[in-house]
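S.K.: Chains as they are written, first to last, in this note's numbering: chain A, 1 to 279; chain B, 280 to 558; chain C, 559 to 660; chain D, 661 to 762.
Beta carbons are placed, not taken as given, at the ideal position from N, Cα and C, and that holds for glycine.
In this text the structure is predicted, and so the values were computed from the model without any measurement.
Can you keep this structure in mind? I'll have questions shortly.
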Amino acid sequence: HVVKKDHLAPDDIRRYSRQLLVPEIGVQGQLKMQNAKVLIVGTGGLGSPCAMYLASMGIGTLGLIDHDVVDNSNLHRQIIHTEAARDVPKVVSAHTSLSRLNSSCRVVVHDVLLDSSNALDTMRGYDVVVDATDNAATRYLINDACVMLKIPLVSGSAVRLDGQLTVYNYNGGPCYRCLFPTPPPVETLSNCSETGVLGVVPGIIGCLEAMEAVKVITGKKQEEKPNMLLYSYTSQPHFRSIKLRPRKPSCAVCGDAPSITELVDYVAFCGSGPNDAAA
Amino acid sequence: HVVKKDHLAPDDIRRYSRQLLVPEIGVQGQLKMQNAKVLIVGTGGLGSPCAMYLASMGIGTLGLIDHDVVDNSNLHRQIIHTEAARDVPKVVSAHTSLSRLNSSCRVVVHDVLLDSSNALDTMRGYDVVVDATDNAATRYLINDACVMLKIPLVSGSAVRLDGQLTVYNYNGGPCYRCLFPTPPPVETLSNCSETGVLGVVPGIIGCLEAMEAVKVITGKKQEEKPNMLLYSYTSQPHFRSIKLRPRKPSCAVCGDAPSITELVDYVAFCGSGPNDAAA
Amino acid sequence: MSITVDVEFSGGLELIMKDKVRQATVSLPATADGKPTTVRQVILYVRDNLVADKPQLFSTENTVRPGVLVMINDSDWEVEGENDYQVQDKDKVLFISTMHGG
Amino acid sequence: MSITVDVEFSGGLELIMKDKVRQATVSLPATADGKPTTVRQVILYVRDNLVADKPQLFSTENTVRPGVLVMINDSDWEVEGENDYQVQDKDKVLFISTMHGG
Ligand SMILES: [Zn+2]
Ligand SMILES: [Zn+2]
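Take a look at the structure:
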């Protein structure tokens with residue numbers, strides 16, 4: 001249990017002085033960040049910059065979930081991990097880096113493979129969840145758990161030279177299932193290890209996920225209508241924002257009469273899971 | 280002198296395998312990155328993610344220029360610097376972090392205050408220059424030196440909740456002076472220490488600067504018309520791209536009959552310099 | 559009278575198109591019975607004319623496959639009536655495949 | 661006949677406007693001599709009516725101050741003829757202050 005702060009310590013005023021000067025943040029915004037608990041699922045390409053910036057900006061509690069160890073082929077994009085961390089569990093390596101950046105950030109590590117047996121207990125109590133994972137089954141799992149736990153979900157993805165970003169289950173907007181009620185065919189599923197990704201693409205999207213988390217925490221996000229940001233290095237302009245539907249009353253999980261009221265087997269649902277390297 | 284690589288070592292193939300899978304990058308793109316020399320001026324909010332991603336993606340030589348030391352109030356946004364690096368010269372701290380991320384990146388540090396006496400010698404020989412500085416005088420200095428040395432200039436800025444990004448002096452597009460022939464009045468000048476900035480805003484723009492550098496190196500940038508990307512957390516959509524003029528034949532530095540053919544006194548020109556805390 | 563629409567592919571769908579096109583302008587013939595053209599007809603046209611070789615990666619059951627969002631003039635087609643939306647001349651239809659990588 | 665234009669402020673210019681407005685729709689009166697309205701008149705209108713108290717932070721010498729870019733319908737005004745561009749009804753004029761921080 002963490003006691004809520006109601007004022008900033010003198011050290012914090014010096015450290016975060018540049019943020020306190022931003023009118024939309026100020027002391028109240030900084031306090032909201034310091035009292036916030038954010039869970040980042042995945043400490044890979046997206047989770048790296050997201051965790052580093054959230055910790056640096058002064059988020060009070062950061063939860064990290066990952067079951068993987070650092071591999072050589074991660075290093076071109078997963079900047080929270082150093083060469084020395086190869087073969088170390090990613091959450092351990094990430095914790096080390098975050099402690100170097102901001103020792104006052106409380107980091108809670110979960111070295112587990114998130115599944116329907118542990119998701120609700122692991123995710124309960126967080127104010128915002130960031131989806132920084134790399135497979136469809138885990139994305140449905142996180143979505144459903146967020147709906148059941150009533151937690152806003154910041155969701156990003158990055159493949160090749162493209163990225164996508166949405167906040168689900170927030171302020172009358174859709175959840176992931178409202179948009180994608182049926183999982184895609186197995187042969188369309190792919191992740192970074194098959195299709196590749198330029199290192200800085202998850203950097204861009206991960207930073208934007210951190211920004212969305214801040215917007216949710218400070219309340220600024222409430223002024224926005226549901227939307228999805230698309231990024232592509234190969235289209236001009238690189239960024240475009242598209243308007244999304246509101247929450248669907250007929251949604252199986254967030255709808256008015258949900259048929260899914262507890263977590264299911266998401267690997268079976270998608271026909272492919274977090275450990276399947278190829279489709 | 281660095282020998283150009285014409286093939287990837289087996290270790291590099293493993294390490295950068297996810298990038299090699301991206302069709303627009305591939306082996307040729309990766310070799311272009313490994314043979315490239317990028318100079319980042321400023322290792323603060325913008326320079327931090329830009330340097331980290333460029334090093335991680337496999338840029339062969341990274342030059343870093345900064346004359347400052349790490350301050351407590353930098354840490355909320357300058358994620359290349361750790362708490363332990365407080366009071367250490369920024370280029371030294373940055374070099375340490377980059378070596379941890381990618382020991383095969385050749386880092387050249389310049390612990391100097393860039394001015395008209397040293398800029399040309401320091402900047403000569405780089406393929407791309409990234410402007411990650413925080414004041415108008417240095418921005419004019421870097422621009423003029425890039426024009427004289429014929430180096431494309433990736434320029435970003437971040438203040439409060441807003442950012443801007445442009446590539447100058449490239450492919451028939453404008454230079455900084457083409458857009459801003461006259462420096463702004465001194466009372467409009469400000470930097471992060473006066474107006475503040477949310478930590479992740481330079482994160483977003485610095486990542487995008489790294490992406491622009493990659494696009495210049497791989498040649499992809501040639502397909503684009505001159506443009507400026509605007510980012511703001513307070514406008515919807517957050518990103519917009521605006522079309523810029525081409526190079527101005529009447530420009531004082533990059534025009535057909537330039538009146539500025541050697542570097543001038545930029546602090547006098549702007550009425551304010553890199554060491555002026557307030558306008 | 560035929561209708562012209564701009565179609566665009568994103569999130570990897572461009573890779574399954576002929577020549578990996580991201581964008582195309584397509585002319586849809588008038589319907590035989592004089593009924594308006596729906597976005598479903600645009601989807602079937604794309605499936606039959608633009609997709610390179612695996613139509614099931616774009617379309618199943620006479621609509622887009624699961625995991626594809628359709629945006630009509632930058633708005634979610636769900637708001638517009640989905641498959642039955644009547645396309646107007648010069649409409650922009652964007653197909654986005656959801657991506658899972660990170 | 662008056663002309664209506666949307667004006668927008670970016671890069672910090674919004675902070676020097678009354679109520680820190682980012683966007684406003686302004687109606688410019690017809691010119692007395694029947695001449696077309698130019699973007700210079702938009703600039704002077706903004707200076708005299710929207711800027712809170714320091715007009716010189718927005719405009720000097722009857723145009724925008726140095727360091728401000730003007731975009732007309734998302735294109736650099738330099739291409740359009742700068743101050744003398746004849747504004748059309750419903751034009752969007754975006755004023756961007758260059759930022760130097762990092
Ligand atoms: Zn739903
Ligand atoms: Zn010029």
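Unbroken beta strand (DSSP E) runs of length 3 or more, entirely within the region 708-752 of chain D: which are they?
M.R.: 728-732
S.K.: Output, in chain order, the set of chain B residues within a Cβ distance shorter than 7 Å of Ile25 (chain A).
M.R.: The residue given as residue 25 (chain A) occupies position 25 in the first sequence. Neighbours of Ile25 (chain A) on chain B, chain order: Leu477.
S.K.: Measuring alpha carbon to alpha carbon, tell me which residue in C:Glu640, C:Glu619, C:Val584 and C:Ala610 is nearest Asp577 (chain C).
M.R.: Position 19 of the third sequence, counted from the start, is the residue given in the question as residue 577 (chain C). Nearest option by C-alpha distance: C:Ala610.
S.K.: Using beta-carbon positions only, say whether Val409 (chain B) and Cys486 (chain B) come within less than 8 Å of one another.
M.R.: Walking along the second sequence from the start, residue 409 (chain B) turns up at place 130. Walking along the second sequence from the start, residue 486 (chain B) turns up at place 207. Their beta carbons are not under 8 Å apart, which means Val409 (chain B) does not touch Cys486 (chain B) by this criterion.
S.K.: So, using beta-carbon positions, are Leu615 (chain C) and Ile654 (chain C) closer together than 8 Å?
M.R.: Working through the third sequence from its first residue, we reach residue 615 (chain C) at position 57. Working through the third sequence from its first residue, we reach residue 654 (chain C) at position 96. Contact: no.
S.K.: Under a CB-based cut-off of 8 Å, is Asp441 (chain B) close to chain D?
M.R.: By 1-based counting over the second sequence, the position of residue 441 (chain B) is 162. Closer than 8 Å: yes.
S.K.: Measuring only the C-alpha atoms, how far is Gly451 (chain B) from Asn118 (chain A)?
M.R.: Walking along the second sequence from the start, residue 451 (chain B) turns up at place 172. Walking along the first sequence from the start, residue 118 (chain A) turns up at place 118. Computed Cα separation, rounded: 57 Å.
S.K.: Phe518 (chain B) lies in the beta strand (DSSP E); which residues open and close that run?
M.R.: As a working note, residue 518 (chain B) is residue 239 in the second sequence. Counting along the chain, the beta strand (DSSP E) containing Phe518 (chain B) begins and ends at Phe518 to Lys522.
S.K.: Is there at least one non-hydrogen atom of ligand 2 closer than 7 Å to the beta-carbon of Lys527 (chain B)?
M.R.: Numbered from 1 along the second sequence, position 248 holds the residue referred to as residue 527 (chain B). At least one heavy atom of ligand 2 is nearer than 7 Å to the Cβ of Lys527 (chain B), so yes.
S.K.: What does a CB cutoff of less than 7 Å around Leu504 (chain B) pick up in its chain, not counting 5 residues either side in sequence?
M.R.: As a first step, residue 504 (chain B) is located in the second sequence; it is residue number 225 there, counting from the start. Checking the displayed sequence, the identity of residue 504 (chain B) turns out to be Lys instead of Leu. Correct list, in chain order: Lys522.
S.K.: Could one say the Cβ of Val438 (chain B) lies closer than 8 Å to chain D's Cβ atoms, at least one of them?
M.R.: For the purposes of this step, residue 438 (chain B) is identified with residue 159 of the second sequence, where counting begins at 1. Chain D, which has a Cβ nearer than 8 Å to the Cβ of Val438 (chain B), makes this yes.
S.K.: Does Leu318 (chain B) come within less than 8 Å of chain A when only Cβ atoms are used?
M.R.: On the second sequence, position 39 is the one that residue 318 (chain B) refers to. Leu318 (chain B) has a beta carbon lying at 8 Å or more from every beta carbon in chain A.
S.K.: By the criterion of Cβ-Cβ separation under 8 Å, what are the contact partners of Ser636 (chain D) in chain B?
M.R.: This structure cannot settle anything about residue 636 (chain D), because the visible part of chain D is limited to 661 through 762.
S.K.: Looking only at its chain, what residues have a beta carbon closer than 7 Å to the beta carbon of His238 (chain A), apart from the 5 residues adjacent to it on each side?
M.R.: The residue labelled residue 238 (chain A) in the question sits at position 238 within the first sequence. Cβ within range, chain order: Tyr231 and Ser232.
S.K.: Judging by CA-CA distance, which residue of B:Leu393, B:Asp291, B:Ile338 and B:Glu362 is the nearest neighbour of Val543 (chain B)?
M.R.: Against the second sequence, residue 543 (chain B) aligns to sequence position 264. Val543 (chain B) has its Cα closest to that of B:Leu393, out of B:Leu393, B:Asp291, B:Ile338 and B:Glu362.
S.K.: Starting from the beta carbon of Ile242 (chain A), find every residue of chain C whose beta carbon is closer than 9 Å, and list them in chain order.
M.R.: Working through the first sequence from its first residue, we reach residue 242 (chain A) at position 242. Within 9 Å Cβ-Cβ: Leu627, Met629, Asp632, Ser633, Asp634, Leu652 and Ile654.
S.K.: Of all the CB atoms in chain D, is at least one closer than 8 Å to the CB of Ala373 (chain B)?
M.R.: Taking the second sequence and counting its residues from 1, one reaches residue 373 (chain B) at position 94. It does not; no Cβ of chain D falls within 8 Å.
S.K.: Give the range of the beta strand (DSSP E) segment to which Leu62 (chain A) is assigned.
M.R.: On the first sequence, residue 62 (chain A) is found 62 positions in, with the first residue counted as 1. Looking at the DSSP string, the run of the beta strand (DSSP E) that includes Leu62 (chain A) is Thr61 to Ile65.
S.K.: Strictly under 8 Å for the Cβ-Cβ distance: is Glu288 (chain A) near chain C by that measure?
M.R.: Outside the displayed range of chain A (1 to 279) lies residue 288 (chain A), so it cannot be described from this structure.
S.K.: Given Val197 (chain A), which residues of its chain have a CB within under 7 Å of its CB, disregarding the five upstream and five downstream residues?
M.R.: In the first sequence, counting from the first residue as 1, residue 197 (chain A) sits at position 197. Only Gly45, Arg77, Ala158, Val159 and Arg160 meet the Cβ criterion.
S.K.: Hey, would you say the C-beta of Pro181 (chain A) is under 7 Å away from at least one heavy atom of ligand 2?
M.R.: Taking the first residue of the first sequence as position 1, residue 181 (chain A) is located at position 181. No, ligand 2 has no heavy atom inside 7 Å of this Cβ.
S.K.: Please decide whether Arg245 (chain A) counts as near chain C, where near means a Cβ-Cβ distance under 8 Å.
M.R.: Residue 245 (chain A) sits at position 245 when you count from the first residue of the first sequence. Yes, Arg245 (chain A) counts as interfacial toward chain C.
S.K.: Would you please verify whether the beta carbon of Ser56 (chain A) is less than 8 Å from any beta carbon of chain B?
M.R.: The residue given as residue 56 (chain A) occupies position 56 in the first sequence. Yes, Ser56 (chain A) lies at the interface with chain B (some Cβ there is under 8 Å from its Cβ).
S.K.: Near Arg106 (chain A), which residues of its chain fall below 8 Å by C-beta distance, leaving aside the five closest residues on each side in sequence?
M.R.: Start at 1 with the first residue of the first sequence, and residue 106 (chain A) comes out as number 106. Contacts found: Val2, Gly60, Thr61 and Leu62.
S.K.: Note down, in chain order, every chain D residue with its Cβ under 9 Å from the Cβ of Leu458 (chain B).
M.R.: Locating residue 458 (chain B) in the second sequence gives position 179, counting from the first residue. Under the 9 Å cutoff, chain D gives Leu729, Asp736, Glu738 and Thr758.
S.K.: Could you tell me which residues DSSP puts in a beta bridge with Asp441 (chain B)?
M.R.: Translated into the one-based positions of the second sequence, residue 441 (chain B) becomes position 162. For Asp441 (chain B), which the question treats as bridged, DSSP gives the partners B:Val438 and B:Ser511.
S.K.: Can you name the start and end residues of the alpha helix (DSSP H) that Leu8 (chain A) belongs to?
M.R.: The residue labelled residue 8 (chain A) in the question sits at position 8 within the first sequence. Run containing Leu8 (chain A): none; DSSP gives neither H nor E here.
S.K.: Find the residues of chain A that neighbour Arg623 (chain C), judging by a C-beta separation of less than 8 Å, and give them in chain order.
M.R.: For the purposes of this step, residue 623 (chain C) is taken as the residue at position 65 of the third sequence. Chain A residues near Arg623 (chain C): Pro184, Pro185 and Thr188.
S.K.: When every heavy atom of ligand 1 is checked, does at least one fall within less than 7 Å of the C-beta of Arg294 (chain B)?
M.R.: Along the second sequence, one-based indexing puts residue 294 (chain B) at 15. It does not: the Cβ of Arg294 (chain B) is nowhere closer than 7 Å to a heavy atom of ligand 1.
S.K.: My understanding is that Leu380 (chain B) touches Met331 (chain B), with C-beta atoms under 8 Å, so please give their C-beta distance in whole angstroms.
M.R.: The residue labelled residue 380 (chain B) in the question sits at position 101 within the second sequence. The residue labelled residue 331 (chain B) in the question sits at position 52 within the second sequence. That belief holds up - the Cβ atoms of Leu380 (chain B) and Met331 (chain B) are roughly 6 Å apart, short of 8 Å.
S.K.: Per DSSP, Pro246 (chain A) is paired with what?
M.R.: Working through the first sequence from its first residue, we reach residue 246 (chain A) at position 246. According to DSSP, which records beta bridges pairwise, Pro246 (chain A) is partnered with nothing at all.
S.K.: Indicate the three-state DSSP secondary structure (helix, strand or coil) for Ile484 (chain B) in the structure shown.
M.R.: Taking the second sequence and counting its residues from 1, the one referred to as residue 484 (chain B) is at position 205. Residue state, collapsed to three classes: helix.
S.K.: Take the Cβ of Ala277 (chain A) as the centre, count every other Cβ of all protein chains shown within 10 Å, and call the residue buried at 16 or more, exposed below.
M.R.: Indexing the first sequence from 1 puts residue 277 (chain A) at position 277. Only weak support exists for where Ala277 (chain A) lies, its pLDDT of 44 falling under 50; the value from the coordinates is given anyway. Classification for Ala277 (chain A): exposed.
S.K.: Does the Cβ of Gly273 (chain A) lie closer than 7 Å to at least one heavy atom of ligand 2?
M.R.: Translated into positions along the first sequence, residue 273 (chain A) becomes position 273. No, the Cβ of Gly273 (chain A) stays beyond 7 Å of every heavy atom of ligand 2.
S.K.: So Asp423 (chain B) is in the beta strand (DSSP E); what residue range does that whole segment cover?
M.R.: In the second sequence, counting from the first residue as 1, residue 423 (chain B) sits at position 144. Here Asp423 (chain B) belongs to no beta strand (DSSP E); instead the alpha helix (DSSP H) covers Ala415 to Leu428.
S.K.: If you run the structure through DSSP and keep just helix, strand and coil, what is Ser376 (chain B)?
M.R.: As a first step, residue 376 (chain B) must be located in the second sequence, where it is residue number 97. Three-state result, Ser376 (chain B): helix.
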